[in-house]
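Worksheet: one structure, shown below.
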Amino acid sequence: RIFENGIKPSRPLVMRWHRRFIPWNELESVYPSYYDVTGAFVSPFASSDGKVTQMGLGLEWTDGRRETIKRH
């Protein structure tokens, strides 16, 4: 979920990051980020190689770490 003062990631990311909330002021950059979902061969929106491209939210910290928040 996205809030005025930060982002609250989904449960899998909370488990990996051990943080329930990331304030915007801790991030260097936030931008749209695209990722492929494989195994979508039955989807009419899949390409011929069986991938569907989704748009997520890219987060970049000041130390260079990057993470893509995927749609659920």
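In our numbering, the protein residues as written are 121 to 192.
Built from N, CA and C at the ideal position, the CB exists for glycine as well.
Remember, it's a predicted structure, so these values are computed and weren't measured experimentally.
To the nearest angstrom, report how far apart residue i and residue j are at their CA atoms.
{"i": "R191", "j": "Q174", "result": "8 Å"}
{"i": "T188", "j": "N125", "result": "19 Å"}
{"i": "N145", "j": "T158", "result": "34 Å"}
{"i": "I142", "j": "R121", "result": "11 Å"}
{"i": "Y151", "j": "S130", "result": "18 Å"}
{"i": "W181", "j": "S149", "result": "7 Å"}
{"i": "L179", "j": "F123", "result": "14 Å"}
Give the secondary structure of residue i by DSSP, where H, G and I count as helix, E and B as strand, and everything else as coil.
{"i": "E146", "result": "helix"}
{"i": "F123", "result": "strand"}
Relative to the alpha-carbon of residue i, which residue among the options has its alpha-carbon at the smallest distance?
{"i": "R140", "options": "I127, E180 and G176", "result": "I127"}
{"i": "Y154", "options": "F123, L177 and S130", "result": "L177"}
{"i": "D156", "options": "V172, I122 and P129", "result": "V172"}
{"i": "D119", "options": "Y151, P129 and L147", "result": "Any question about residue 119 goes unanswered here, given that the chain covers just 121 to 192."}
For the ligand MG, is there any heavy atom lying closer than 8 Å to the beta carbon of residue i?
{"i": "V172", "result": "This structure simply doesn't include the ligand MG, nor any ligand for that matter."}
Bridge partners for residue i per DSSP, in chain order?
{"i": "G178", "result": "Y151 and T188"}
{"i": "D156", "result": "T173"}
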